[in-house]
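Take the numbering used here: the last position of the sequence shown gets the number 954, and nothing is skipped along the way. Ideal placement from N, C-alpha and C gives every residue a C-beta, glycine not left out. Model, not experiment: these values are computed from the prediction. First comes the structure, then the notes that go with it.
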Amino acid sequence: MHASQTTRRTGLDHSARHSAPFAVSPLAALTSILGLFACAAAQAQEAATPPAAAASAAEAPALDAVVVRSRNRIEKVQDVPISVSVISGKELDRELAYDIGGITKRAANVVRNLGNSRTFSLSVRGVGKVSQTEAQDTSVGVILDGVNLAYAPLASFDFFDVDSVEVARGPQGTLLGKNSTMGVVVINTRKPSFVPDAHWAVTLGQRHTVISQFAGGGPAIDDLLAWRGSVTVNKGAGAFSNTYNPDQSFYDRDRVSGRLQFLLTPTPDLSARLSIDIQPKAGESYNGEVIRTELPAAFTNTGASTINSTSDIRAKLARRWFTQAGGFDYDRDYLNNPNVSLDNQRPLMTATNGASLEVKWDLGSHELTSVTAIRDYHFHARNDEGTPFDISKNGGGKVDAYKQQSQELRIASKPGGTLDYQAGVLLFRNTVDFGQLGWNSGWGADAGAWFATKLQYDTLDTDPAGRLLMENSLKSLNKGQAQWIVNKSVAVFGQADWHIDPKATLTAGLRLTREDRSNKANSTIVDNGFGGFGLNPFSVAYGVAGTATAGTVNTGGFDSVAFSQANVTNGTAGNLTAAALADPAQVALANSVASQYFGVSTYAALTSAQKAQVAAAKAIRATQLGTLWPLIEAERFRKTQPGFVLSPSYKFTPDHTGYVTLQYGEKGGVSQIVNGVSRLADPEKVTSFEVGLKSAWLNKSLFLNTDVFFTNVKGYQQAVALPDPLNPSVTAAYTGNAEKVRIRGLEVDGSYTGLRNTVVRFSGAYTDAVYKQFLYSPVPTDYQAGTGIPAYRDVSGQTLTGASRYTFNIGPEVRLPIRGDKVFHTSVNAAFASGNNTDNALSGYGWVKKHWLVDASVGLARADGKFDISVVAKNLFNDKTPQAVTWNSITPADPRWIGLQVAGKL
């Protein structure tokens with residue numbers, strides 16, 4: 049029975065093993081919790097509290113004391129004329145929010161999108177959820193301790209010993225670092241100090257979780273050299289297991305990270321900070337955790353039946369090849385099972401290391417800053433097709449080595465004059481060696497039977513010779529697709545604040561970035577497998593036929609008549625072509641195939657049915673090999689790209705500042721090879737207009753920052769399916785440009801401290817992000833593909849993938865002094881997102897419903913912070929809204945997790 053599209057959108061739980069013992073509405077429960085906080089705070093106000101204990105109980109700082117450090121000088125967040133959020137490291141620590149996903153749940157209008165270390169992305173204001181390529185910059189930047197993480201995967205590791213996180217929205221780049229078109233997330237860790245301190249934490253939790261952290265430092269040589277060291281270990285099993293290998297679980301953690309910092313202050317005017325961090329190679333299982341659902345009966349675009357299509361797994365598993373062994377049932381084991389059975393799924397191997405040297409020199413009226421940095425990254429995936437059969441092997445992305453080097457020099461005037469200004473220059477280079485030594489795609493002994501069409505399978509599964517041909521068509525075949533990417537940037541930038549009078553300020557900034565991006569790539573057979581050269585096609589064409597890009601790769605096979613229903617019927621399938629008959633080498637190879645599989649000395653002695661079997665095996669192999677091409681250099685992207693900001697602001701009162709901001713930014717084009725053809729993607733260009741008010745109310749107990757924004761994106765970089773300009777009958781799918789995107793909305797960010805011992809931090813957004821014009825979007829997987837059926841469609845007017853119309857988060861915390869020197873504390877972070885389409889191609893099946901994710905902690909601590917014990921819960925109400933949905937699969941949510949943490953200071 050086929051599931052309906054309507055049912056697929058409900059986000060029903062498919063993990064009975066992890067069902068909640070009782071159901072509670074998150075909104076109702078959250079309201080109750082907030083009510084309890086208010087009552088507790090009111091009682092605390094009335095209670096007689098010893099003065100010392102009351103003073104030691106942590107109270108939230110007023111928002112006018114919160115500062116932004118990412119702008120090359122310390123500024124109060126209330127004085128920054130753009131939409132910006134600041135999150136403290138203590139807030140992240142209290143609910144164990146150590147990764148980028150936890151961070152984004154605590155800021156307005158920024159989202160960590162689904163994906164593994166290499167494939168995830170960040171969105172700001174609904175823009176950024178795209179399938180990244182190694183040659184492409186992100187729309188949302190990440191900066192760690194003044195160093196850009198210019199490759200999205202660098203932000204996939206745990207962040208620890210964090211002092212603060214800032215999220216700035218809109219095009220960035222006139223102050224420091226690399227440019228970004230939609231915003232930037234800035235992570236500041238705690239720095240070395242001459243004041244000794246140390247803190248530690250150990251957490252034990254469900255699913256065999258152990259999280260251990262230590263950070264501390266102080267003077268090594270008084271007034272000359274200080275140090276700080278921090279280390280974190282985060283290990284635990286995942287929520288879902290692999291029934292083929294029960295020792296493997298999905299969504300597990302295997303992370304170890306360490307950082308050493310040294311601060312040298314040879315003179316009062318000069319300081320140098322060296323930072324070294326290492327995240328050694330480790331494996332985590334993420335890919336493959338997909339709940340398979342019944343395939344709908346018909347394709348969306350044509351209404352044609354899906355039975356026996358390439359997507360029809362029921363039909364594949366019903367083949368004799370897969371039923372003869374027994375033990376794996378489509379309905380029982382394959383469908384609706386969160387505990388998948390995968391024989392060839394391997395953990396994702398990742399690692400990153402970095403070092404930076406920051407030198408600051410106080411010149412009196414100015415400060416000079418130099419930042420020199422290097423960082424690398426490694427990634428290796430080995431993916432399975434979703435069954436316990438030997439089908440896919442060695443398949444997945446492999447970033448052999450990502451390396452980036454940067455040198456930044458900035459100068460800034462001391463604030464306080466009529467004109468405050470800063471300027472700088474950035475030299476940046478990153479390289480990616482991807483897929484070296486091949487092995488991006490591999491096949492096992494069952495792959496031929498799996499990937500064969502119905503006609504191919506029926507032709508081969510008739511006798512031992514045919515079955516051996518089917519097995520050897522793909523067994524141990526391996527293909528490699530490699531890239532060598534080099535991106536170089538040189539940028540100059542500057543920004544000035546003209547304080548026209550005590551109330552009015554005009555901010556203006558400009559950036560010019562010279563981009564030089566190159567790429568070369570090939571696609572080759574690494575190992576011919578058991579089929580050898582005999583089952584290879586004679587050659588594989590690449591490029592666009594009839595154009596200068598066209599070419600062929602000789603794969604060492606013999607040339608024969610193609611396999612098709614017509615050729616099988618007329619008895620010509622598998623016959624040697626005239627060219628092959630004239631080539632003794634091809635004839636000899638064909639004869640060896642006849643001898644190996646049929647025991648005859650010559651290919652000519654084979655019957656028509658036997659030749660058709662050879663042709664079927666060769667067709668299976670040719671389809672999986674796809675396009676091959678020799679080493680080709682892509683068209684380089686070279687361009688000088690501008691960026692600017694213009695923002696007048698006015699202090700209506702000391703507590704109310706309004707601003708108007710115009711921002712513009714670009715990110716570089718993409719140099720790439722697609723099926724042997726250079727396909728240069730144009731730059732992404734963003735213009736953003738924002739009007740905001742930063743205000744304080746109720747004697748500065750309520751801070752409320754609001755803004756409305758309107759953003760236009762020209763040439764939004766994402767997957768496209770375009771007719772080739774040289775041959776419109778050919779459609780190429782690659783990273784290109786959606787013509788126009790329009791985003792508009794409202795953002796709110798604030799805090800309330802009007803209740804004693806209580807702080808409530810909140811933020812929210814209304815975002816309307818749509819394709820204003822996108823004529824060539826790739827069709828989703830529920831669309832039938834084939835000759836004469838367009839591979840693209842017009843999605844103009846549709847909402848961007850992953851863009852929720854409404855988002856909101858709230859984080860109340862209460863710290864109540866009790867028994868003189870003790871503190872009872874409890875906190876919650878609740879993040880809400882309205883429904884959104886999770887499919888990059890905007891399938892109608894891709895929608896997930898609105899949902900809340902709630903993390904919480906409750907504990908007891910000494911007032912001096914030397915000991916703290918807490919119970920921490922993630923996804924407290926066990927929300928089961930899927931992370932993603934397609935027409936035949938669901939990516940499940942990570943279920944509730946509860947742990948016990950002890951922490952303290954030394």
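Count the other C-beta atoms from every protein chain shown that fall within 10 angstroms of the C-beta of residue i, then say buried if there are 16 or more, exposed otherwise.
| i | result |
| --- | --- |
| lysine 441 | buried |
| aspartate 379 | exposed |
| alanine 373 | exposed |
| aspartate 942 | buried |
| phenylalanine 700 | exposed |
| glutamine 949 | buried |
| valine 789 | buried |
| valine 540 | exposed |
| serine 537 | buried |
| lysine 964 | Residue 964 lies beyond the residue range present for the chain, which begins at 49 and ends at 954; the question has no answer from this structure. |
| histidine 899 | buried |
| aspartate 295 | exposed |
Could you pull out every residue in the same chain whose Cβ sits closer than 6 angstroms to the Cβ of residue i, ignoring the five residues on either side in sequence?
| i | result |
| --- | --- |
| serine 404 | Val195, Ser323 and Ala421 |
| alanine 682 | Asn567, Ser719, Gln720, Ile721 and Ser726 |
| lysine 922 | Asp903 and Trp945 |
| arginine 841 | Ser825 and Val827 |
| proline 129 | Thr555, Ser695, Ser697, Tyr707 and Thr709 |
| threonine 229 | Ser187, Pro219, Gly713, Lys715, Glu732 and Val734 |
| tryptophan 795 | It should be noted that the sequence gives glutamate, not tryptophan, for residue 795. Taken in chain order, the residues that qualify are Ser131, Ala156, Asn157, Asp755 and Ala813. |
| glutamate 433 | Ile439 and Ser440 |
| serine 454 | Ala421 and Phe476 |
| asparagine 936 | Thr341 and Leu343 |
Skipping 5 residues on each side, what residues in its chain have a beta carbon closer than 8 angstroms to that of residue i?
| i | result |
| --- | --- |
| leucine 383 | Arg340, Thr341 and Glu342 |
| leucine 629 | Val635 |
| serine 640 | Gly582 |
| glycine 859 | Glu139, Arg154, Val808, Arg809, Phe810, Ser875, Val876, Asn877 and Ala878 |
What is the DSSP secondary structure of residue i, reduced to helix, strand or coil?
| i | result |
| --- | --- |
| asparagine 401 | strand |
| alanine 851 | coil |
| phenylalanine 207 | coil |
| glutamine 720 | coil |
| lysine 666 | helix |
| glutamate 519 | helix |
| proline 294 | strand |
| glycine 836 | coil |
| glutamine 661 | helix |
| glycine 883 | coil |
| leucine 111 | Model confidence at leucine 111 stands at a pLDDT of 47, short of 50, so the residue's coordinates are unreliable; what they give is reported in the following sentence. Here leucine 111 sits in helix by DSSP. |
| phenylalanine 856 | strand |
| threonine 21 | Outside the shown range of the chain (49 to 954) lies residue 21, about which nothing can therefore be said. |
| valine 635 | helix |
| proline 690 | strand |
| alanine 320 | strand |
| threonine 671 | helix |
| glutamate 139 | helix |
**Prompt:** Is there contact between the stretch 235-247 and the stretch 899-908, where contact requires at least three CB pairs shorter than 8 angstroms?
**Reply:** Output reads no: the stretch 899-908 does not touch the stretch 235-247.
> Counting pairs of beta carbons, one from the stretch 575-587 and one from the stretch 713-725, are three or more of them closer than 8 angstroms?
Replying inline: Touching, no, given that fewer than three Cβ pairs across the two stretches are closer than 8 angstroms.
Practice task
Let me know the beta strand (DSSP E) ranges lying completely inside the stretch 562-622, each 3 residues or longer, listed in chain order.
Solution key: Runs of the beta strand (DSSP E) lying entirely within the stretch 562-622, each at least 3 residues long, are 587-590 and 599-602 in chain order.
Is there contact between the stretch 135-153 and the stretch 202-215, where contact requires at least three CB pairs shorter than 8 angstroms? Here the stretch 135-153 makes contact with the stretch 202-215; the two share three or more CB pairs at distances below 8 angstroms.
(request) Within the stretch 428-504, note down every full alpha helix (DSSP H) run reaching 4 residues or more, in order along the chain. (result) Correct list: 495-499.
With contact counted as at least three CB pairs below 8 angstroms, one residue from each stretch, are the stretch 655-669 and the stretch 687-704 in contact?
Short answer: they don't touch.
Contiguous beta strand (DSSP E) assignments of at least 3 residues, all confined to the stretch 752-825: Fully enclosed beta strand (DSSP E) runs of 3 or longer: 775-800 and 806-821.
*Length-filtered (4 minimum) alpha helix (DSSP H) runs lying within the stretch 356-404*: List check, alpha helix (DSSP H) in window: 361-365 and 368-371.
- request: Mind listing, in chain order, the continuous beta strand (DSSP E) runs of no fewer than 3 residues lying wholly within the stretch 728-752?
  value: Taking only runs of at least 3 residues, the beta strand (DSSP E) segments lying wholly in the stretch 728-752 are 732-745.
Should the stretch 808-827 be called in touch with the stretch 846-865, which here means at least 3 C-beta pairs below 8 angstroms?
Because the criterion of three Cβ pairs below 8 angstroms is met, the stretch 808-827 and the stretch 846-865 touch.
> Three or more beta-carbon pairs under 8 angstroms between the stretch 515-528 and the stretch 661-681, yes or no?
Replying inline: Touching, yes, given that three or more Cβ pairs across the two stretches are closer than 8 angstroms.
Minimum length 3: unbroken beta strand (DSSP E) runs contained in the stretch 169-210: As far as the stretch 169-210 is concerned, its whole beta strand (DSSP E) runs of at least 3 residues are 170-172 and 188-192.
**Message:** At 3 residues or longer, what runs of the beta strand (DSSP E) sit wholly inside the stretch 896-920?
**Reply:** As far as the stretch 896-920 is concerned, its whole beta strand (DSSP E) runs of at least 3 residues are 899-910.
The stretch 282-293 / the stretch 250-265 touching (three or more Cβ pairs under 8 angstroms)
Here the stretch 282-293 lies against the stretch 250-265, with 3 or more beta-carbon pairs under 8 angstroms apart.
Sufficient close CB pairs (3 or more, under 8 angstroms) joining the stretch 263-277 to the stretch 306-322: In short, these stretches touch, since the Cβ pair count reaches three.
- Query: Touch check for the stretch 862-872 and the stretch 394-414: three-plus C-beta pairs under 8 angstroms?
  - Reply: Flag = no, the stretch 862-872 and the stretch 394-414 do not touch.
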